[in-house]
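Heads up: the structure comes next, in structure tokens.
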Amino acid sequence: MSQSSDSPRQPARGRYRFCGGRFVDPNEGVHPEMVDLDAAAAGSSGIPDSPDALIAMQENKPERPEKPERSHSAKVKQVLDLMDKLETSADDDQQIALAILRQLERFHDGVVEEMRDDKEAKHSQIAAWAVDADRLMHCRIFLESIDL
Numbered sequence: 498m499s500q501s502s503d504s505p506r507q508p509a510r511g512r513y514r515f516c517g518g519r520f521v522d523p524n525e526g527v528h529p530e531m532v533d534l535d536a537a538a539a540g541s542s543g544i545p546d547s548p549d550a551l552i553a554m555q556e557n558k559p560e561r562p563e564k565p566e567r568s569h570s571a572k573v574k575q576v577l578d579l580m581d582k583l584e585t586s587a588d589d590d591q592q593i594a595l596a597i598l599r600q601l602e603r604f605h606d607g608v609v610e611e612m613r614d615d616k617e618a619k620h621s622q623i624a625a626w627a628v629d630a631d632r633l634m635h636c637r638i639f640l641e642s643i644d645l
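Quick note on our numbering: the sequence shown kicks off at 498 and runs consecutively.
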């Protein structure tokens with residue numbers, strides 16, 4: 498078997514990996530302390546050399562932008578105003594929250610059922626809606642377990 502002239506040459510020394518017709522980084526998946534020092538020096542330009550340099554680097558990082566607050570629709574404002582006026586108890590608030598969670602859970606379950614029957618629905622979307630329905634179910638169970 499002879500190698501063609503257009504195939505990549507293998508390195509003369511050191512470790513190497515070959516996967517899917519391409520060379521792979523030999524240090525991939527290796528703990529940072531176990532990486533070759535020569536190779537590590539080339540990739541560590543963003544790592545500070547001292548604690549003071551680390552502190553300076555952290556101070557220069559820009560703040561994360563906060564998510565913009567969503568404005569409430571007229572219906573939501575009306576419900577929230579009504580809750581403020583009624584001066585509901587903690588038990589009342591729990592019952593309201595449970596009713597809302599049940600409604601959201603039924604909605605998500607319905608969407609999952611519709612998508613399961615639809616042959617053109619994406620499986621990733623079905624899974625995402627099912628996961629959300631499961632999260633809502635767990636929230637409902639947790640809220641039901643709270644004794645007031």
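Beta carbons: idealized from backbone N, C-alpha and C, even for Gly.
Can you tell me the Cα-Cα spacing of residue i and residue j, whole angstroms?
i, j, result
"M580", "D644", "21 Å"
"A509", "G543", "Caution is warranted here: a pLDDT of 47 is assigned to A509, below 50, making its placement in the model unreliable, and the coordinate value is therefore given only provisionally. One C-alpha to the other measures close to 30 Å."
"F570", "E556", "This sequence places Ser at residue 570; Phe is not what is there. Using only the alpha carbons, I get a separation of about 39 Å."
"Q591", "M554", "46 Å"
"D606", "H620", "15 Å"
"D629", "D546", "45 Å"
"R613", "I623", "7 Å"
"D589", "L583", "10 Å"
"K572", "I597", "14 Å"
"R637", "L595", "6 Å"
"K616", "A627", "17 Å"
"V576", "P548", "53 Å"
"S568", "T585", "24 Å"
"A662", "I552", "Lying outside 498 to 645, the shown extent of the chain, residue 662 is not represented and no answer is given."
"D578", "A550", "52 Å"
"A587", "E566", "26 Å"
"K574", "S642", "29 Å"
Mind checking residue i: buried by the 16 CB within 10 Å criterion, or exposed?
i, result
"V609", "buried"
"A625", "exposed"
Closest to residue i by C-alpha separation, out of the options, would be which residue?
i, options, result
"L640", "S547, S586 and I593", "I593"
- Message: Three or more C-beta pairs under 8 Å: does that hold for the region 588-603 against the region 630-640?
- Response: yes
- alpha helix (DSSP H) segments (min. 4 residues) lying fully within the region 546-605: 548-556 and 571-583
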